[in-house]
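K.L.:
Could you have a look at this structure, given as structure tokens, before my questions?
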Amino acid sequence: MNALTILSDGKWLPASSGETLEMIDPSDGREFARIARGTAVDIARAVNSARRAFEGHWSKVPGVERGRFLAKIAESIRVHAEELASLEARDTGKPLKQARVDVTVAARYFEFYAGAADKIHGEALPFLPEYQVIAIREPYGVTGHIIPWNYPLQMGARTMAATLAAGNTLVLKPAEEACLSIVRLAEIALAAGLPPDVLNLVTGLGEEAGAALAAHPDIDHVSFTGSPEVGTLVQQAAAKRNAGCTMELGGKSPQIVFADADVDAAVPIIVNAITQNAGQTCSAGSRLLIERRAYDSVVGAVVELFTKLRVGPALADLDCGPLISATQKKRVEGFLAKAAEDGIPALARAAFANDLPAGGFYVAPTLYGPVPQSNRLASEEVFGPVLSAIPFTDEAEAIRIGNATAYGLTAGVWTENGGRQLRVAKGLKCGQVFINNYGAGGGVELPFGGMKRSGYGREKGMEALQHLTTLKTIVVKHG
Ligand code: NAD
Numbered sequence: 315m316n317a318l319t320i321l322s323d324g325k326w327l328p329a330s331s332g333e334t335l336e337m338i339d340p341s342d343g344r345e346f347a348r349i350a351r352g353t354a355v356d357i358a359r360a361v362n363s364a365r366r367a368f369e370g371h372w373s374k375v376p377g378v379e380r381g382r383f384l385a386k387i388a389e390s391i392r393v394h395a396e397e398l399a400s401l402e403a404r405d406t407g408k409p410l411k412q413a414r415v416d417v418t419v420a421a422r423y424f425e426f427y428a429g430a431a432d433k434i435h436g437e438a439l440p441f442l443p444e445y446q447v448i449a450i451r452e453p454y455g456v457t458g459h460i461i462p463w464n465y466p467l468q469m470g471a472r473t474m475a476a477t478l479a480a481g482n483t484l485v486l487k488p489a490e491e492a493c494l495s496i497v498r499l500a501e502i503a504l505a506a507g508l509p510p511d512v513l514n515l516v517t518g519l520g521e522e523a524g525a526a527l528a529a530h531p532d533i534d535h536v537s538f539t540g541s542p543e544v545g546t547l548v549q550q551a552a553a554k555r556n557a558g559c560t561m562e563l564g565g566k567s568p569q570i571v572f573a574d575a576d577v578d579a580a581v582p583i584i585v586n587a588i589t590q591n592a593g594q595t596c597s598a599g600s601r602l603l604i605e606r607r608a609y610d611s612v613v614g615a616v617v618e619l620f621t622k623l624r625v626g627p628a629l630a631d632l633d634c635g636p637l638i639s640a641t642q643k644k645r646v647e648g649f650l651a652k653a654a655e656d657g658i659p660a661l662a663r664a665a666f667a668n669d670l671p672a673g674g675f676y677v678a679p680t681l682y683g684p685v686p687q688s689n690r691l692a693s694e695e696v697f698g699p700v701l702s703a704i705p706f707t708d709e710a711e712a713i714r715i716g717n718a719t720a721y722g723l724t725a726g727v728w729t730e731n732g733g734r735q736l737r738v739a740k741g742l743k744c745g746q747v748f749i750n751n752y753g754a755g756g757g758v759e760l761p762f763g764g765m766k767r768s769g770y771g772r773e774k775g776m777e778a779l780q781h782l783t784t785l786k787t788i789v790v791k792h793g
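Here it is in structure tokens:
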């Protein structure tokens, strides 16, 4: 089969090698499509296309017009919403209702950055009396983007829309496990009128196409979302030419519940924060820190909800779908087996739907507790539906445990005490803190990114534009 999933110079092409990769449906483990296995040759062609587009025309297109292209894409995503949602659900295994949210958020990214494209301004700086200094923001030129498989549409849309708004052209390398919605999104963008060569896309393996993109000498900036280990490789490749990067890496985010919290409001959100996308979310709330005197009642409420969850195929649209792949399932099951070996009590397990397809990659959401700080479940990112309950005694200990991992992406704090809300938020070393809520439904407008091992730079909101542009200072002596 000739998989035409590489977009270069506005043309859909097979891999130059002619090779393809199979796409597996996580709900039944069967092949349902193929993509082109792009390599360094295809990356080089895509980068050349993006460079010609930038130098040839895109760098002269004013912000207001770039914004109009993005607005049309947003509109077109909404027209194709159901088609995109089914594709995303099938490709990633997530329940259809979650995929529908992803489509809504993807459209919002294009809408948000459509409005932002003509509002990227610099500043006038005070200097000596006979001078005027201005600092203007300019696009980098050609940006490279490497995204993971867990939210292809949301992440593809957020990085694509922001970089085009900033005035760059791009080459995108989606994940080999799930990328069909991104291919379709690119088709939709072109059909909506986006000049075809500004958006270039190469499907393929991380160690081939991804590595070639990170290492390409003509990529001016790299936005990477994925694991900390691969993030390091990408930075090393970019460092060889001193190109800047934005790194959105993993997390081990705490949900911190104080005894005065509104537990009825908190618990459904806490459960959703670890079961959404089967826990394969960088900002999953995977540690549940509970004030000791409320431990039993909060755990009891979480157990009740966990046991009501149903796990099944994406299109059955239950609470939780399969994991992305056999590899991911094996990895998560490794954590479960080690927890049993370490004697960590499993407090609740969600149930599988009847007649689960045999080859699917299903793992039941599981709640463990109390999990000692020394156990790997308290510190390592599982990237699956596994929640670790951990008791704490007071505010200071909550902050200490909250910060006691290598990661620092997001956190949830549940308390009615206003002073404590801010003290804890300020004490936590992470990029986003949610007080009495979590996740902000995609949070298109809200700067997002990590501290520590979770990365640096920010995506989303106006802040993303600061990271996708560079600053030029112009010093004028007017006498
Ligand atoms: P991964 O790092 O294996 O893959 C991510 C992307 O990198 C894929 O497109 C892959 O093809 C590519 N890649 C793999 N090897 C490469 C190489 N040598 N050079 C260049 N590119 C390469 O991550 P994953 O397993 O797909 O995703 C899971 C991880 O991503 C988790 O750690 C999760 O927390 C993190 N994540 C972070 C965010 C965030 O915004 N902070 C969002 C989603 C996922």
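My numbering puts the first residue of the sequence shown at 315, with every later residue one more than the last. Don't be surprised by glycine CBs; every beta carbon is placed ideally from N, CA and C.
1. For Ser390, count neighbouring C-beta atoms within 10 Å of its own C-beta (all shown protein chains included) and say buried if the count is 16 or more, exposed if not.
2. Considering only the beta carbon of each residue, do Ile448 and Ile715 sit closer than 9 Å?
3. Thinking C-alpha only, which one of Met776, Cys744, Ala420 is nearest Val393?
4. Rank Thr560, Arg348, Glu345, Asn464 by C-alpha distance to the C-alpha of Thr783 and give the top, closest one.
5. Which partner residues of Tyr445 appear in the DSSP bridge assignment?
6. By alpha-carbon positions, which one of Lys791, His792, Val790, Lys774 ends up nearest to Ala479?
7. May I ask you to check if the CB of Trp794 is nearer than 8 Å to at least one heavy atom of ligand 1?
8. Leu619 and Val677: beta carbons closer than 9 Å?
9. With H, G and I counted as helix, E and B as strand and the rest as coil, what does DSSP make of Arg772?
10. Once the 5 residues before and after Thr539 are set aside, which same chain residues still bring their CB inside 6 Å of it?
11. Do you know offhand how far Val577's Cα is from Ala739's?
12. Tell me the DSSP bridge mates of Ile604?
13. Residues bridged to Phe538 by DSSP?
14. Kindly indicate which three-state DSSP category Phe762 falls into: helix, strand or coil?
15. Is the CB-CB distance between Trp728 and Gln569 below 9 Å?
16. Does DSSP classify Arg555 as helix, strand or coil?
17. With respect to the beta strand (DSSP E) encompassing Leu779, which residues constitute its N-terminal and C-terminal limits?
18. Give the DSSP-derived three-state secondary structure of Arg351 in the structure shown.
19. Could you tell me which of Gly436, Arg382, Asn464, Arg451 sits nearest to Asp416, measuring between CA atoms?
20. Rounded to whole angstroms, what's the CA-CA distance from Gly763 to Glu452? Just pull it up for me.
21. Which residues share a DSSP beta bridge with Gly726?
22. Using the DSSP secondary-structure output, state which residues sit across from Asp339 in a beta bridge.
23. Going by DSSP, what residues sit across from Ala438 in a beta bridge?
24. Kindly confirm or deny that the stretch 351-367 and the stretch 529-544 touch, where touching means at least three C-beta pairs closer than 8 Å.
25. Within 10 angstroms of the Cβ of Lys282, are there 16 or more other Cβ atoms? Answer buried if so, exposed if not.
26. Give the straight-line distance between the Cα atoms of Gly520 and Lys791, rounded to the nearest whole angstrom.
27. Expressed to the nearest angstrom, what Euclidean distance is found between the alpha-carbon atoms of Arg351 and Ala529?
28. One question on the structure: do Gly481 and Ile450 come within less than 9 Å of each other, judged by their Cβ atoms?
29. Do Phe426 and Ala475 have their C-beta atoms within less than 9 Å of each other?
30. Quick one: what's Trp326 bridged to in DSSP?
31. What does the Cβ neighbour count give for Gln550, buried or exposed, with the cut at 16 atoms within 10 Å?
32. May I ask you to list the residues that DSSP assigns as paired with Asn514?
33. How is the beta strand (DSSP E) around Arg382 delimited, first residue to last?
34. Which whole-angstrom value describes the C-beta separation of Thr353 and Ala523, a residue pair presumed to lie in contact below a C-beta threshold of 8 Å?
35. With a cut-off of 8 Å on the beta carbons, I'd call Asp574 and Glu730 a contact; round off their distance for me.
36. Answer yes if the stretch 653-663 comes into contact with the stretch 706-723, meaning at least three C-beta pairs across the two stretches below 8 Å, and no otherwise.
P.N.:
This is what the structure holds:
1. So Ser390 counts as buried.
2. Not in contact: Ile448 and Ile715 (Cβ atoms no closer than 9 Å).
3. Cα-wise, what sits closest to Val393 is Ala420.
4. Restricting attention to Thr560, Arg348, Glu345, Asn464, the CA atom closest to the CA of Thr783 is found in Thr560.
5. DSSP lists Lys791 as partners of Tyr445.
6. Nearest C-alpha to Ala479: Lys774.
7. It is not possible to answer for residue 794, since the shown part of the chain is limited to 315 through 793.
8. No, Cβ-Cβ distance for Leu619 and Val677 is not below 9 Å.
9. Coil.
10. So the qualifying residues of the chain are Ile461, Pro462, Met469, Glu562.
11. Rounded to the nearest whole angstrom, the C-alpha separation of Val577 and Ala739 is 19 Å.
12. Under DSSP, Ile604 shares a beta bridge with Val571, Pro705.
13. Answer is Ile460, Met561.
14. In the three-state DSSP reduction, Phe762 falls in the strand class (E or B).
15. Yes, they are a contact pair.
16. Judged by DSSP in its simplified three-state form, Arg555 adopts coil rather than helix or strand.
17. Per DSSP, Leu779 belongs to no beta strand (DSSP E); it is in the alpha helix (DSSP H), 777-781.
18. Correct three-state label for Arg351: coil.
19. Residue Asn464 is the option with its Cα nearest to Asp416.
20. Near 22 Å, if we compare the C-alpha coordinates of Glu452 and Gly763.
21. Gly726 pairs with Gln569, Phe748.
22. Its beta-bridge partners are Arg344.
23. Answer by DSSP bridge pairing, in chain order: Ile448.
24. The answer is yes - the stretch 529-544 touches the stretch 351-367, with three or more Cβ pairs under 8 Å.
25. In this structure the chain extends from 315 to 793, so residue 282 is not present and cannot be described.
26. Rounded to the nearest angstrom, the two C-alpha atoms are 50 Å apart.
27. Here the alpha carbon of Arg351 sits roughly 18 Å from the alpha carbon of Ala529.
28. If you check the CB distance, Gly481 and Ile450 do not come in under 9 Å.
29. Yes, they are a contact pair.
30. Paired residues: Leu321.
31. Its Cβ having fewer than 16 others within 10 Å, Gln550 is exposed.
32. Among the bridge pairs identified by DSSP, Asn514 is matched with Val485.
33. For Arg382, no beta strand (DSSP E) run applies; the uninterrupted alpha helix (DSSP H) run containing it begins and ends at 377-393, by DSSP.
34. Yes, they are in contact, since the Cβ atoms of Thr353 and Ala523 sit about 6 Å apart, within 8 Å.
35. With a contact defined as Cβ atoms closer than 8 Å, Asp574 and Glu730 qualify at about 5 Å.
36. Too few Cβ pairs lie closer than 8 Å, so no.
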